[in-house]
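All remarks here apply to the structure that follows.
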Amino acid sequence: MITNYIAQENTRLNLEEVKQFKTNLLSKPFQFNIDLTGRCNINPPCVFCTVKSDGYAYNALDISAVDAYSDFLSRCEVVNDCSFGEPLTHPDFFKLAQKVSGSGQRFTFSTNGLLLTPQRADILVAAGENIAFSISINAATAETYHKLTGQGFDRVIENTKYFTDKYKDKWGHNPYLLASFIVMKVNRNEVGDFLKLTHSLGISQINLRHLFDMPETRPRDDFGYEFIYRDEMLTSEEYESIGNSSKTLARQLGINLIIHWESGSAMNSLAVPGVNIPCFFPWKFLFVQEHTKNVFMCCYSNAAVGSVKTNSLDQVWNNEIMMEVRNSLGSGKIPEFCRTHGLYCPLVIKAA
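Here our numbering is used: the first residue of the sequence shown is 32, the next is one more, and so on.
As structure tokens, then:
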């Protein structure tokens, strides 16, 4: 595996600054996120997808946009393509993957897996051990998968198995691959089977997610199943029960399970042992929404902390909002900015 010593040194400095509760940082974030396309290969979109009705259907952006941030992101250990569309539809996606992984940084992304053909899988395998990604499947049967996506379940499973087999043959271990499952009324009885299925495919981590409390959306019936968003949401007691049974099964299977509706679970990957800060996102994470040029400090916020139209990333990284948020969190408080704009944040929800 290629090592990037500049990124490693930045991570070391970042850790020191976190431990000292620094608010104006010399270090850059551990993870840098960018979105490069709003186009998806599933059309009409998945019945639970809400972003396609909110303007996130823009065409693939020129990959050279990333070069504008090269000085900043070259110090980040993880570069993540978190496109609102399907990353594998981008014509230059593999150029970016090869460039980042070849520099010794981890390149990550999320995909629905339908375009992960053997040809594309071979390119990703050859790109090296710094490639990691998540596959959103959300079902354990062909019937449920079709209700949600209108697509063929077997194709996703076959694509996933091909990739994991090829990766293990070349590198001698399972890939850094995650499987994502949004738990809803339509698929709640398939969670256990999903854990067993994905474990059999050599997937190292399972992410169980939930539907957010969104404004009322129109019912969907594109694939023969009437999907009413609010009716598909489970109660907190139901989610708790599913979470408990899933954790028991995950321990038996020996897999890593993250349950996103449990307060703080999605934040634990950024946590620093022995440092009592409620959230580490403002120290370790930054997201440039390239099609708007807005910059966000976490995946839960609905408001930007700045814009690269008017400021450099370095200026946004240490602007007044970011330093105030770090100051509040360093004092053990939930920042006012988060209370106002982090409506889906587990910490904000718990404190409400």
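Positions of the beta carbon are idealized from the N, C-alpha and C atoms, including for glycine. The model shown is predicted, which means the values in this text are computed figures rather than measured ones.
DSSP links residue 112 through a beta bridge to 65 and 140. About 14 Å separates the beta carbon of residue 137 from that of residue 37, a gap too long to meet the 8 Å contact definition.
In this model, residue 378 and residue 150 are separated by some 42 Å (Cα to Cα). According to the DSSP assignment, residue 318 belongs to the beta strand (DSSP E) that extends over 316–320. Contact between residue 146 and residue 45 is ruled out by a C-beta separation of about 34 Å, above the 8 Å threshold.
Runs of the alpha helix (DSSP H) lying entirely within the stretch 240–290 and spanning at least 4 residues, in chain order: 260–263 and 267–284. Residue 207 sits in a strand when the DSSP states are folded into three classes. Look at residue 51 here: in three-state DSSP terms it is coil, with no helix or strand label. For the 7 Å CB-CB criterion, residue 248 and residue 260 form a contact.
Taking 3 residues as the minimum length, the beta strand (DSSP E) runs contained wholly in the stretch 185–233 are 207–214, in order along the chain. The three-state reading of DSSP puts residue 236 in strand, counting E and B together. The stretch 185–200 and the stretch 273–283 do not touch, with fewer than 3 CB-CB distances between them shorter than 8 Å. Note that the stretch 94–113 touches the stretch 62–78; at least 3 beta-carbon pairs, one per stretch, sit closer than 8 Å.
In chain order, 75, 78 and 181 place their CB closer than 8 Å to the CB of residue 253, counting only its own chain and leaving out the 5 sequence neighbours on each side. Secondary structure note for residue 101: its alpha helix (DSSP H) is the uninterrupted segment 101–104. A distance of 7 Å or more separates the beta carbons of residue 311 and residue 318. Counting along the chain, no beta strand (DSSP E) covers residue 335, and no H or E run does either. Considering only 157, 183, 175 and 140, the residue with the shortest C-alpha distance to residue 163 is 140.
Contact between residue 233 and residue 187 fails: their C-beta atoms lie close to 15 Å from each other, not under 8 Å.
In this structure residue 169 is buried. Its beta-carbon is surrounded by 16 or more other beta-carbon atoms within 10 angstroms.
By the neighbour-count definition (other C-beta atoms within 10 Å, threshold 16), residue 237 is a buried residue. Taking C-alpha positions only, residue 195 is separated from residue 58 by approximately 35 Å. Separation of the CB atoms of residue 184 and residue 154 is rounded to 24 Å, and the pair is thereby denied contact status at 8 Å.
Annotation: the continuous beta strand (DSSP E) that includes residue 162 extends over 162–167. Residue 51 has its alpha-carbon roughly 25 Å from the corresponding atom of residue 337.
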